[in-house]
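Chemist: Heads up: the sequence lines are chains A and B, in that order. Last residue of the first sequence? That's 1480 in this note's numbering, and every number before it is there in order. Last residue of the second sequence? That's 339 in this note's numbering, and every number before it is there in order.
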Amino acid sequence: MVKAFKSLNLSRIGVNLFIGLLAVFILGPLFWLGLHAFAVDWHYPNLYPSGFTMRWWSKVFLDSALATAIKNSLIISPIVVLISMVICLPAAYAAGRMNFFGRKAFMIGLFSANSFPKIGLFAAIATLYYALNLMETFAGVVIIQLLGTIIYMTWIPAAAFAAVPKNLEEAARDAGASKFTVFRTITLRLAMPGILVAIVMSFLASFDEAQGTYLVGAPGIFTMPTEMYSLVQNYPIQVAAVFSILLAIPSVLLLGLARKHIMGGQLAEGFQLK
Amino acid sequence: MSKEGSAMGLELKGLKKILGGRVIIDNLDLSVNQGEMISLLGPSGCGKTTTLRMIAGFLTVDAGKITVAGEDVTGLGPDKRPSAMVFQNYALWPHMTVAKNVAYPLKIKGLGKKETTQKVEAALSLVNLMHHKDSRPGQISGGEQQRVALARALIQEPNVLLLDEPLSNLDAKLREKVREDIRQLQRRLGITTVIVTHDQEEALSISDRVAVMNNGRIEQFSTPHELYNAPATEYVATFIGSLNRFEGDLVNGVIQPGTHVTGIRPEDLTLNSQAVEGSHPGVVELIIPRGHFHEVVVKRDDATLRIFASENIPAVGANVHVGIKKSLRYLNGKLVV
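As structure tokens, this is what we get:
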């Protein structure tokens, strides 16, 4: 009895220790990053920063290149999400609601862009871009970022549409609603949580996209992630820390917002082939 | 039969439906009087739900004609038909409150806010649900959900009310009460009603007339009383109630080889301890208590009979005398009078 209790206690201590280490491993770098954003200077072998300052923050907001990158990101990502919705949501509805020939092949085919090293795909696209004069253009960056949103904007809403029970639509038809009214007032409303998740995921995919954007946009157009490349090389490390905190804000906000009631189930539901 | 569609609440003529290459409904005729409540009764796969869905307009017909209150609705979509349906699982919209669910048909019609509120409150009062008007469907019980679905159907003031297995999702106790509630409401409003059910007790107790369906056809369409006492086909006789079925004829109270099929209801048999006129001896093989009566299985020389008896129950192995009060006779599946 005592022995069992002891071993139970030991294993519990082990688990707690493991969780503690894991937390340090995951949160440690973030903590380090956070301190750096406010540190005057912090070099090995100093245990603490030599002082705290807001200097790096004002530097980021006053630097015209960095401000432009922030502005670009905040303009491009919503546009990418909007265009992605226009293109993908009808396809998602079709895939979720209609049983057409090649439906499964179509849905799995959408993953093809994710199944190759992206940089190879982008390089191939770049040659096409030169021919079409899309290099270093706003449209070029939008198109390249669209690629990463397609999976989210088709799979998750398709599952959401498929999950709307047919008889809820029939009941509305029975009540006198036209097909379009039924779609607007019933189907779309019930699929909305899934669509919201898709919007969040697509926004983050676009907001974080760096490889393709750098290849296609630089040096004419920089977004926040691509600006990071030059930051690391040309600015003190504290500026990069500030910038990456700024970059993380939308992700944390959106994920927190979405996670609250809709995220987990919808995401898991979204990636099941039925 | 009325003429010029003056009295018919609902009329189906020569209805046919083929689904997946299979004939589901074949040349089906049905006339329902204005204000009448009828049931489509049959086992699963008999085509009763398909018929209901064709009346509602969710399925197009491959041949035939559907008339509601004299108006041909065959070519109309479900939104244009003067029918309203209560779905088996109620099909309430989870993102709307109870009141919004009930108001939906009026909102679609473009009715004013004040009038809508009045009508919704009247409909909810009718089904005793005013206290739940701001609840979501997920927060109320199955029986309450069903009343919401009923209110949503009735607020459309339909010419025909369609109920798809309305009681199947309720527990046994509630079922009887809801059954009576629906019947009373239907009588009060005088609304032509079609119920789809696989439960014969439900069909017999609630309907003015019952259409027994089998393989996409109507075997018999008559009152519950007639259905039980004079089943037109052997199928109906075996489907409704219990039946002792024998291949052979009944001659002088004894089953003999013959060309007919003989059916005897278990309650049409008498169980006597002594020989009486017309009875024949047998031995009790089995006794099954069935609540307010007992099912007694007696083996006679000519046949083994199932008898419903409520008093003077003999013991297993006892010698008894069984008499036959009434029997049904079928030739090629049809009743021979």
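A virtual CB, placed ideally from N, CA and C, is assigned to each residue, including glycine.
Over the uninterrupted alpha helix (DSSP H) stretch that includes P291 of chain B, give me the two end residues.
Modeler: Taken as a continuous stretch (DSSP letters only), P291 of chain B belongs to no alpha helix (DSSP H), being part of the beta strand (DSSP E) at 282 to 291.
Chemist: Using a Cβ cut-off of 8 Å, pull out every chain B residue sitting near T1393 of chain A, in sequence order please.
Modeler: Ordered by position in chain B, no residue passes the 8 Å Cβ test against T1393 of chain A, which lies about 11 Å from the chain.
Chemist: Report yes or no: do the stretch 163 to 181 of chain B and the stretch 53 to 70 of chain B share at least 3 C-beta pairs separated by less than 8 Å?
Modeler: They touch, by the three-pair rule.
Chemist: Taking 9 Å as the CB-CB cut-off, is M87 of chain B touching chain A?
Modeler: Closer than 9 Å: yes.
Chemist: Which whole-angstrom value is the C-beta distance of V100 of chain B and S137 of chain B, which I expect to be below 8 Å?
Modeler: Indeed, because the Cβ distance is near 5 Å, the residues count as touching under 8 Å.
Chemist: Give a yes or no on whether the minimum CB-CB distance between K82 of chain B and chain A is below 9 Å.
Modeler: Taking Cβ atoms only, chain A reaches closer than 9 Å to K82 of chain B, which makes this a yes.
Chemist: If we count Cβ pairs, one from each stretch, closer than 8 Å, do we get three or more for the stretch 78 to 95 of chain B versus the stretch 1365 to 1383 of chain A?
Modeler: Counting Cβ pairs under 8 Å, three or more are found: they touch.
Chemist: Run through the DSSP bridge pairs and tell me what N216 of chain B is partnered with.
Modeler: For N216 of chain B, which the question treats as bridged, DSSP gives the partners B:R219.
Chemist: Taking a cut of 7 Å between CB atoms, which residues from the stretch 98 to 121 of chain B lie near chain A?
Modeler: Within the stretch 98 to 121 of chain B, the residues whose Cβ lies closer than 7 Å to some Cβ of chain A are Y106, P107, I110, K111, listed in chain order.
Chemist: State yes or no: is the C-beta of S209 of chain B nearer than 8 Å to some heavy atom of the ligand GTP?
Modeler: Among the components modelled here there is no ligand, and therefore nothing to report on the ligand GTP.
Chemist: Along the chain, where does the alpha helix (DSSP H) containing T240 of chain B start, and where does it finish?
Modeler: T240 of chain B -> alpha helix (DSSP H) spans 236 to 241.
Chemist: Count the other C-beta atoms from every protein chain shown that fall within 10 angstroms of the C-beta of S1283 of chain A, then say buried if there are 16 or more, exposed otherwise.
Modeler: S1283 of chain A comes out buried.
Chemist: Flag this pair as yes or no: are the beta carbons of T230 of chain B and L206 of chain B separated by less than 9 Å?
Modeler: The sequence given here places Tyr at residue 230 of chain B; Thr does not occur at that position. In this structure, L206 of chain B lies closer than 9 Å to Y230 of chain B by Cβ.
Chemist: Drop a sphere of 10 angstroms on the beta-carbon of V122 of chain B, count the other beta-carbons inside from all chains shown, and report buried for 16 or more, exposed for fewer.
Modeler: Buried: at least 16 other Cβ atoms inside 10 Å.
Chemist: For the stretch 126 to 155 of chain B, which residues have a beta carbon sitting closer than 9 Å to at least one beta carbon of chain A?
Modeler: Under the 9 Å Cβ criterion, the stretch 126 to 155 of chain B contributes A151, R154, A155.
Chemist: For K15 of chain B, collect the residues of the same chain with a Cβ closer than 7 Å to its Cβ; drop the 5 residues on either side in sequence, then sort them by chain order.
Modeler: Result list for K15 of chain B: D31, G66, K67, in chain order.
Chemist: Could you pull the start and end residues of the beta strand (DSSP E) that M39 of chain B belongs to?
Modeler: It spans 39 to 43 - the beta strand (DSSP E) in which M39 of chain B sits, taken as one unbroken run.
Chemist: Is there a C-beta anywhere in chain B that falls below 9 Å from the one on N1305 of chain A?
Modeler: Not an interface residue.
Chemist: Taking Cβ to Cβ, would you say T1355 of chain A is nearer than 9 Å to M1407 of chain A?
Modeler: It is a contact, given that the beta carbons lie within the stated cut-off.
Chemist: Are the beta-carbon atoms belonging to A1366 of chain A and A1404 of chain A less than 9 Å from one another?
Modeler: Yes. Within cutoff.
Chemist: Could you give the first and the last residue of the continuous beta strand (DSSP E) run that contains D31 of chain B?
Modeler: From DSSP, the beta strand (DSSP E) with D31 of chain B extends over 24 to 35.
Chemist: If I follow the unbroken beta strand (DSSP E) through T261 of chain B, where does it start and stop?
Modeler: From DSSP, the beta strand (DSSP E) with T261 of chain B extends over 256 to 266.
Chemist: Nearest chain D C-beta to L12 of chain B closer than 9 Å, yes or no?
Modeler: In the structure shown, chain D cannot be found, because the protein chains are A and B.
Chemist: Determine the extent of the beta strand (DSSP E) in which V75 of chain B is found, giving its start and end residues.
Modeler: It is not in any beta strand (DSSP E) - V75 of chain B carries neither H nor E in the DSSP assignment.
Chemist: Please decide whether N91 of chain B counts as near chain A, where near means a Cβ-Cβ distance under 9 Å.
Modeler: Cβ-Cβ to chain A under 9 Å: yes for N91 of chain B.
Chemist: Buried or exposed: where does H282 of chain B fall if 16 or more other Cβ atoms within 10 Å of its Cβ makes it buried?
Modeler: Buried: at least 16 other Cβ atoms inside 10 Å.
Chemist: Along the chain, where does the beta strand (DSSP E) that runs through F310 of chain B open and close?
Modeler: From DSSP, the beta strand (DSSP E) with F310 of chain B extends over 306 to 311.
Chemist: Is F1306 of chain A closer than 9 Å to A1300 of chain A when the C-beta atoms are compared?
Modeler: Yes, the Cβ-Cβ distance between A1300 of chain A and F1306 of chain A is below 9 Å.
Chemist: Determine, for L94 of chain B, whether the minimum Cβ-Cβ distance to residues of chain A falls below 9 Å.
Modeler: Yes, L94 of chain B counts as interfacial toward chain A.
Chemist: According to DSSP, is K15 of chain B part of a helix, a strand, or is it coil?
Modeler: K15 of chain B: strand per DSSP, three-state reduction.
Chemist: From the DSSP output, in three-state form, read off V1422 of chain A for me.
Modeler: Looking at V1422 of chain A - three-state DSSP - the assignment turns out to be helix.
Chemist: Since N321 of chain B sits in a beta bridge, which residues does DSSP pair it with?
Modeler: In DSSP, N321 of chain B forms a bridge with B:V285.
Chemist: With 16 as the cutoff for other CB atoms within 10 Å, does V1286 of chain A come out buried or exposed?
Modeler: Flag for V1286 of chain A reads buried.
Chemist: Sort out for me which residues DSSP pairs T195 of chain B with in a bridge.
Modeler: Note: T195 of chain B sits in a beta bridge opposite B:M39, B:L163.
Chemist: Is there a Cβ from chain A that is less than 9 Å from the Cβ of M3 of chain B?
Modeler: At M3 of chain B the pLDDT is 41, less than 50, meaning the model places this residue with poor confidence and gives no usable figure here.
Chemist: Measure how close the beta-carbons of V286 of chain B and V298 of chain B come, nearest whole angstrom, since I'm counting them as under 8 Å.
Modeler: Confirmed, about 6 Å.
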